[in-house]
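Student: Numbering (the numbering used here), first residue to last: 1252 to 1571. Here you go, one structure.
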Ligand SMILES: [Zn+2]
């Protein structure tokens, strides 16, 4: 299977958020991509600038970040023309690598804007090289800029950054430093299209945790009543882990819980509520085996939240 390492540059509404098209906040103006085989040999490259159709002048930020002027785009082809060639170019059976989690999302939005059928299967798994870089070289959480990752690895800097082609080439160079195992064991789930029903729900087991993406629910409360959403089955032995701390809200859109697997120990559950544009919610749940200390931190967090709530109540009662 070939790798398609993709980088896009986009423009946004130059007249501010209020005037933007809700369905197209970011209009793609440049596509850069590198095609690599499974032995990390570069097979081909794709690069084209795009004449924008929605936002004809460039937002000052866009102008600042990428070195493109309106005049550079004037004689370029439009997105539908370029996209058609690009989709043909990548061929079938590609696995997509990007620096960060936004490129494939914006690509799908731009395709939808022009009613171009999605070329992606469902669910779409891709490889966020920025995230994988952090997992392999750092603490899993830090997100470096592409340039600082290139510096970190001591790779030569032959081109300027923030150009779709050169960023794709640099990302490809980072990919070459990763093993197949590094990449394929750390897939990301694309959230542009999420499960429409129970049958489509996504469950992926990684080395150190399990991720679940749910169907839509009318409210957060409805979601938290759902037995599959709230279940804490151990991802190693598939047995039901007993909840020691039931799901509690740890923020406006997040919940935590703690369960105990007889065989594997503490299992920390985390739910993040995400909202669709139609107002419905879907759940991204992760279950992770944790040590005693991390388990204790969940208990501590619950206590702090309880205490804060109690303080708030007494404060308001006193000052009414
Ligand atoms: Zn277990």
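Virtual Cβ for every residue (Gly too), placed ideally from N, Cα, C.
Using alpha carbons as the reference points, say which of 1346, 1305, 1382 lies closest to residue 1365.
Tutor: Out of 1346, 1305, 1382, 1305 has the C-alpha closest to the C-alpha of residue 1365.
Student: Under a three-way DSSP split, which group does residue 1273 fall into?
Tutor: Note: residue 1273 maps to coil in three-state DSSP.
Student: May I ask you to report which of helix, strand or coil DSSP gives residue 1376?
Tutor: Three-state DSSP puts residue 1376 in a strand.
Student: At a cut-off of 7 Å, would you count residue 1490 as near ligand 1, judging by its Cβ distance to the nearest heavy atom?
Tutor: Correct: residue 1490 has its Cβ closer than 7 Å to ligand 1.
Student: Does the region 1427-1438 come within contact of the region 1499-1508, defined as at least 3 CB pairs closer than 8 Å?
Tutor: Verdict: no, contact absent.
Student: Give the straight-line distance between the Cα atoms of residue 1294 and residue 1323, rounded to the nearest whole angstrom.
Tutor: C-alpha separation (whole angstroms): 28 Å.
Student: Return the CA-CA distance between residue 1511 and residue 1478, expressed in angstroms with no decimal places.
Tutor: Taking the straight line from one Cα to the other gives about 18 Å.
Student: For residue 1244, name the three-state secondary structure that DSSP assigns.
Tutor: Missing from the structure shown is residue 1244; the chain here goes from 1252 to 1571 and no further.
Student: Give me the residue from 1333, 1361, 1552, 1335 with the minimum Cα distance to residue 1263.
Tutor: Nearest of 1333, 1361, 1552, 1335 to residue 1263, Cα basis: 1361.
Student: DSSP on residue 1305, reduced to helix/strand/coil?
Tutor: Correct three-state label for residue 1305: coil.
Student: DSSP puts residue 1523 in a beta bridge; with which residues?
Tutor: Answer is 1505, 1535, bridged to residue 1523.
Student: Kindly give me the distance between the Cβ atoms of residue 1271 and residue 1302, rounded to whole angstroms, as I take these residues to be in contact under 8 Å.
Tutor: About 19 Å separates the two Cβ atoms, so there is no contact after all.
Student: What residue does the beta strand (DSSP E) around residue 1464 start on, and which one ends it?
Tutor: Residues 1460-1464.
Student: Taking only three categories from DSSP, how would you classify residue 1399?
Tutor: Residue state, collapsed to three classes: helix.
Student: Would you mind sorting residue 1274 into buried or exposed? The rule is 16 or more other CB atoms within 10 Å of its CB.
Tutor: Its Cβ having fewer than 16 others within 10 Å, residue 1274 is exposed.
Student: Taking 8 Å as the threshold (C-beta atoms), are residue 1376 and residue 1461 in contact?
Tutor: Contact: no.
Student: Need the endpoints of the beta strand (DSSP E) that residue 1345 sits in, please.
Tutor: Residue 1345 -> beta strand (DSSP E) spans 1345-1349.
Student: Within its chain, find whatever has a CB closer than 6 Å to the CB of residue 1333; leave out the 5 residues flanking it on each side and keep chain order.
Tutor: Result list for residue 1333: 1299, 1301, in chain order.
Student: Roughly how many angstroms separate the alpha carbons of residue 1424 and residue 1496, rounded to a whole number?
Tutor: Near 45 Å, if we compare the C-alpha coordinates of residue 1496 and residue 1424.
Student: How close, in whole Å, do the beta carbons of residue 1200 and residue 1349 come, if the pair is a contact with beta carbons under 8 Å?
Tutor: Look at the range of the chain in this structure, 1252 to 1571, and you will see that residue 1200 is not part of it.
Student: Given this structure, state the Cα-to-Cα distance separating residue 1330 from residue 1280, to the nearest angstrom.
Tutor: Spanning the two alpha carbons is a distance of roughly 8 Å.
Student: If you draw a straight line from the C-alpha of residue 1518 to the C-alpha of residue 1540, how long is it?
Tutor: So the two alpha carbons sit approximately 4 Å from each other.
Student: Taking a contact to mean a Cβ-Cβ separation below 8 Å, would you say residue 1508 touches residue 1520 in this structure?
Tutor: Closer than 8 Å, so yes.
Student: Buried or exposed for residue 1381, going by 16 or more other Cβ atoms inside 10 Å?
Tutor: Residue 1381 should be labelled buried.
Student: May I ask you to list the residues that DSSP assigns as paired with residue 1299?
Tutor: Per DSSP, 1282.
Student: What are the start and end residues of the alpha helix (DSSP H) that includes residue 1263?
Tutor: From DSSP, residue 1263 is part of no alpha helix (DSSP H) but of the beta strand (DSSP E) over 1253-1263.
Student: Give the C-beta separation of residue 1387 and residue 1433 to the nearest angstrom, bearing in mind that I take them to be a contact with Cβ-Cβ under 8 Å.
Tutor: At roughly 5 Å, the Cβ-Cβ gap stays under 8 Å, so residue 1387 and residue 1433 are in contact.
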